[in-house]
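Read the structure below first, then the notes.
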Amino acid sequence: MATVLTSPSFLIILYLLSIPLKFAQDVNFIYNGFHQANLHLDGIAKIHPNGLLQLTNTSNQQVGYAFHPLPLKFNTTSTSSLTPSLSFSTNFVFAIVPQIPNLGGHGLTFTISPSWDFTHAVTSQFLGLFNSKDDGLPANHILAIELDTLLNPELLDINKNHVGIDVNGVISVESAPASYIPNKEGKNISLDLLSGNPMHLWIDYDEAEKLLNVTLAPTSSSRPDQPLLSRPIDLSRVLLDSMYIGFTAATGGATSDHYILGWSFNKSGQAQSLDVSKLPSLPRLRKRKVKVGQVIMILLVAVLLVIVLIMIIGAAYISRRKKYEELREEWEREYGPHRFIYKNLYKATKGFSDKGLLGSGGFGKVYRGILPSSNVQIAVKRVSHDSKQGLKEFVAEIISMGRLRHRNLVQLLGYCRRRGELLLVYDYMPNGSLDKFLYDNEKPNLNWIQRFRILRGVASGLLYLHEEWEQVVLHRDVKASNVLLDAELNGRLGDFGLARLYDHGTNPQTTHVVGTVGYLAPELTRTGRATTCTDVFAFGAFMLEVACGRRPIDRRLPEEVILVDWVFGCWKKGAILDASDPRLEGNYVMEEMELVLKLGLLCSHSMPAARPSMRQVMQFLDGNADLPELPYDNACFSNFTSTETSEILLSIPSSYGNGSAPSSSTTDSILKSGR
Ligand SMILES: *[C@@H]1O[C@H](CO)[C@@H](O)[C@H](O)[C@H]1NC(C)=O
Ligand SMILES: *[C@@H]1O[C@H](CO)[C@@H](O)[C@H](O)[C@H]1NC(C)=O
Ligand SMILES: *[C@@H]1O[C@H](CO)[C@@H](O)[C@H](O)[C@H]1NC(C)=O
Ligand SMILES: *[C@@H]1O[C@H](CO)[C@@H](O)[C@H](O)[C@H]1NC(C)=O
Ligand SMILES: *[C@@H]1O[C@H](CO)[C@@H](O)[C@H](O)[C@H]1NC(C)=O
360 MATVLTSPSF LIILYLLSIP LKFAQDVNFI YNGFHQANLH LDGIAKIHPN
410 GLLQLTNTSN QQVGYAFHPL PLKFNTTSTS SLTPSLSFST NFVFAIVPQI
460 PNLGGHGLTF TISPSWDFTH AVTSQFLGLF NSKDDGLPAN HILAIELDTL
510 LNPELLDINK NHVGIDVNGV ISVESAPASY IPNKEGKNIS LDLLSGNPMH
560 LWIDYDEAEK LLNVTLAPTS SSRPDQPLLS RPIDLSRVLL DSMYIGFTAA
610 TGGATSDHYI LGWSFNKSGQ AQSLDVSKLP SLPRLRKRKV KVGQVIMILL
660 VAVLLVIVLI MIIGAAYISR RKKYEELREE WEREYGPHRF IYKNLYKATK
710 GFSDKGLLGS GGFGKVYRGI LPSSNVQIAV KRVSHDSKQG LKEFVAEIIS
760 MGRLRHRNLV QLLGYCRRRG ELLLVYDYMP NGSLDKFLYD NEKPNLNWIQ
810 RFRILRGVAS GLLYLHEEWE QVVLHRDVKA SNVLLDAELN GRLGDFGLAR
860 LYDHGTNPQT THVVGTVGYL APELTRTGRA TTCTDVFAFG AFMLEVACGR
910 RPIDRRLPEE VILVDWVFGC WKKGAILDAS DPRLEGNYVM EEMELVLKLG
960 LLCSHSMPAA RPSMRQVMQF LDGNADLPEL PYDNACFSNF TSTETSEILL
1010 SIPSSYGNGS APSSSTTDSI LKSGR
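Numbering (our numbering), first residue to last: 360 to 1034.
Take a look at the structure:
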């Protein structure tokens, strides 16, 4: 018996027996990959070495078929469940990888058909099943479940991502957007057939119920209880007794790779669901292509982002650089220690905010600031200068003036230079300028002791500039608003030499007189040449100003417009003390007041040689020398009686004399005198 059983003839008999058995009996199979499967392939369908069934690739206008090679018995007249019936159960895993993301075509089907000869069928929307003539004819006897990835309005497609039941034609009798309801969550989740991800489709027909159920789910999910489509349908009117089962797919203008990864079929009962872990994998290449595309996209976006970021940072850097930009030249190198970094000044003054504005005038604005590094209070003067001419000399001068040290001079700490702008950094004077005390009612009145001390201080400062330093420094703009008061109300002369900036910068052919009207010596307006004598003249005007509490030229009092003339008039009347500031209410040392008024007149002498030097002024103020007798001649003092008077008066800036000139202001007029 053993020999018989193992003999080749017995095996052959068994094999021969098995064929009619398979043909006749209920068919059930399960393919986790198709390497061993005996399938009838047609079109461009092929089986990959790993068992992956590919129905189409992304070539245009192609079809692909894979059919079970043997026909199945569908008994359309059966009444008994024992004989072969129309019931069937199948499930398969498919993947559709579009050529272009989200644009693929046309779709694939599971088909039950009387034949696997589809030579008359066409591509595209006919899915390799029909052509335009036979589409929809009952003679087709075809049932297909379509996975349609293109919207064909003429076929009444609901969208480009749906599952449909097709009977004899591609116009579905029922369809639904690709979706599923997971058993756990119970909420409808849509799926994208073109995602390229494997998906599971179950198709079940029960003869007794005459109900065709189609259920879709991603491979990650188990079979949902609720089918996507549940269609009452009498397949006995559709199918024939002998039918082939299999897949079709078609491409058109739009294309996809259509894959079947595994297939389970059962004619006599519920088909076993495929084991997803055993299925072949999809070709890496295409997936990678997509991934490479994504990587390129991501890289591109990243590069773009980086570029944008660099541009933003660059713009910020440039604007920051522009904001803090300075001008620095080779010749400035020796002034290095006196050079301030603009950024520090910017921060110290909180961006030159108006809150810290101490005053503004002809030379520019003055801001209060606190140096962040040392907490030292400073005053920053922003002087605009357009001309490069003479700037070098001026900076040199300014720097050398930075070496001036005197308790009655405002200390220059250093400078900074930008395009069109020079910044001078000074010690901060908490009490502001003297003119505020003289003319603003907000500031307390200064008593005579204070005033006299200020006059002496300023005189000693000016003397230092003229005679006691290594060079002769002309102030050029002595006046009350340029005298600043420190915390102890000591007078300190500020802004020395600044007027030179304009002097240097101007066209040499036209000489400009720089200074302030009322303090300008008559010869200065004629010749344009500043000397120590012109400074003395201005100091004289300043002395009268402090003693009388009045500006050298007061336009508000037309008959007493020129202070010198008025004081001189008082002196001639023998009542010089009448000129004293009424705010003092007579509380002053008479000798000192008389001295100051007379000395003021003497300094205001129209002949430069007749004026005392600052050293003499100092001696008079200290009482170390006696004041010479004043000349009795009007002409010696009425320096505005010439034809120049009208012109100078006309040149008075409009802001001048309104009683609210900002502190430290240099209300200068630039007079043309080179006619
Ligand atoms: C698709 O398959 C056909 C037949 O195998 C082949 O000639 C064609 O080059 C393939 N197209 C692509 C895009 O792979
Ligand atoms: C189909 O079913 C009918 C009734 O049950 C039976 O008479 C017939 O033989 C069956 N046909 C086949 C081919 O099994
Ligand atoms: C089809 O689905 C319905 C509703 O979920 C269910 O009652 C029926 O048993 C299903 N039939 C088959 C053959 O799966
Ligand atoms: C999900 O909702 C869509 C309509 O948005 C419907 O057509 C489809 O049948 C639903 N899916 C399931 C599994 O019920
Ligand atoms: C087919 O169904 C029968 C009856 O339920 C079952 O015994 C068999 O295992 C199934 N075969 C497959 C491959 O699903």
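By construction, the Cβ of each residue, glycine as well, lies at the ideal position given by its N, Cα and C atoms.
>> So, with DSSP's three-state summary, where would you put Arg590?
In response: Under the three-state reduction of DSSP output, Arg590 falls in the strand class.
> Where the beta carbon is closer than 7 Å to any heavy atom of ligand 5, which residues qualify, in chain order?
Replying inline: What you get when you keep residues with a C-beta closer than 7 Å to any heavy atom of ligand 5 is Asn387, Phe388, Ile389, Ser623, Asn625, Ser627, Gly628, Gln629, Ala630, Gln631.
> Measuring CA to CA, which of Val665, His465, Leu514, Val452 is closest to Leu633?
Replying inline: Comparing Cα-Cα distances from Leu633 to each of Val665, His465, Leu514, Val452, the minimum goes to Val452.
> Since Glu685 and Arg777 are thought to touch, with beta carbons under 8 Å apart, how far apart are those beta carbons, to the nearest angstrom?
Replying inline: So it is a contact: roughly 5 Å between Cβ atoms.
> Which residues mark the beginning and the end of the beta strand (DSSP E) in which Ile524 is found?
Replying inline: Note, Ile524: beta strand (DSSP E), 521 to 526.
>> Determine whether the beta carbon atoms of Lys402 and Gly495 lie at a separation below 8 Å.
In response: It should be noted that the sequence gives Gly, not Lys, for residue 402. No.
> Is the distance from the Cβ of Gly445 to the Cβ of Glu544 below 8 Å?
Replying inline: Strictly speaking, residue 445 in this sequence is Leu, with Gly absent from that position. Contact: no.
>> To the nearest angstrom, how far is the alpha carbon of Ile524 from that of Ile389?
In response: Separation of Ile524 and Ile389 (C-alpha to C-alpha, rounded to the nearest whole angstrom) is 23 Å.
> Does ligand 4 have even one heavy atom less than 7 Å from the beta-carbon of Ala576?
Replying inline: The nearest non-hydrogen atom of ligand 4 is 7 Å or more from the C-beta of Ala576.
> Is it buried or exposed for Ala900, if we count other Cβ within 10 angstroms and need 16 for buried?
Replying inline: The C-beta of Ala900 has 16 or more other C-beta atoms within 10 Å across all chains shown, which makes the residue buried.
>> Quick check on Met966: does DSSP put it in helix, strand or coil?
In response: The answer is coil: DSSP assigns Met966 none of H, G, I, E or B.
> What is the DSSP secondary structure of Phe624, reduced to helix, strand or coil?
Replying inline: Residue state, collapsed to three classes: strand.
> Is Ile562 near ligand 4, judged by its Cβ being under 7 Å from some heavy atom?
Replying inline: Outside the cutoff, so no.
> If you run the structure through DSSP and keep just helix, strand and coil, what is Trp925?
Replying inline: DSSP places Trp925 in helix when its eight states are reduced to three.
> Is the region 559 to 575 close to the region 391 to 410, with three or more CB pairs under 8 Å?
Replying inline: At 8 Å Cβ cutoff, the stretches do not touch.
> Among Glu829, Val837, Val842, which one has its Cα closest to the Cα of Arg764?
Replying inline: That would be Glu829, whose Cα lies nearest to the Cα of Arg764.
> Hey, would you say the C-beta of Tyr540 is under 7 Å away from at least one heavy atom of ligand 4?
Replying inline: In the sequence under discussion, the amino acid at residue 540 is Ile, which differs from the Tyr named in the question. When distances are taken from the beta-carbon of Ile540 to the heavy atoms of ligand 4, the shortest one is below 7 Å.
> Pick from Asp493, Asp507, Ile501: whose alpha carbon is nearest that of Gln484?
Replying inline: Comparing Cα-Cα distances from Gln484 to each of Asp493, Asp507, Ile501, the minimum goes to Asp507.
> Roughly how many angstroms lie between the CA atoms of Gly466 and Met558, to the nearest whole one?
Replying inline: In a straight line, the C-alpha of Gly466 is about 14 Å away from that of Met558.
> Using 8 Å as the Cβ pair cut-off and three pairs as the minimum, do the region 581 to 592 and the region 529 to 549 touch?
Replying inline: The answer is yes - the region 529 to 549 touches the region 581 to 592, with three or more Cβ pairs under 8 Å.
> Who are the Cβ neighbours of Asp981 in its own chain at under 8 Å, not counting the five residues just before and after it?
Replying inline: These residues qualify, in order along the chain: Arg815.
> So is the beta-carbon of Asn547 under 7 Å away from any non-hydrogen atom of ligand 3?
Replying inline: No, the beta carbon of Asn547 sits no closer than 7 Å to any heavy atom of ligand 3.
> How far does the beta strand (DSSP E) with Lys724 in it reach, from first residue to last?
Replying inline: According to the DSSP assignment, Lys724 belongs to the beta strand (DSSP E) that extends over 723 to 729.
> For the beta strand (DSSP E) that contains Val452, what are its first and last residues?
Replying inline: According to the DSSP assignment, Val452 belongs to the beta strand (DSSP E) that extends over 447 to 457.
> What separation, rounded to the nearest whole angstrom, lies between the Cα atoms of Arg812 and Glu904?
Replying inline: The alpha-carbon atoms of Arg812 and Glu904 are separated by roughly 14 Å.
> Is it true that the region 797 to 811 meets the region 752 to 769, where meeting means three or more beta-carbon pairs spaced less than 8 Å apart?
Replying inline: The region 797 to 811, when compared against the region 752 to 769, does not touch it at the 8 Å Cβ threshold.
> In or out: Pro941 buried (at least 16 other Cβ within 10 Å) or exposed?
Replying inline: Residue environment: Pro941 is assigned as exposed (fewer than 16 neighbouring CB atoms within 10 Å of its CB, all protein chains considered).
> CA-CA distance, Leu398 and Ala535?
Replying inline: If you take the alpha carbons of Leu398 and Ala535, they lie about 30 Å apart.
>> Need the endpoints of the beta strand (DSSP E) that Trp561 sits in, please.
In response: For Trp561, the enclosing beta strand (DSSP E) has its first and last residue at 558 to 565.
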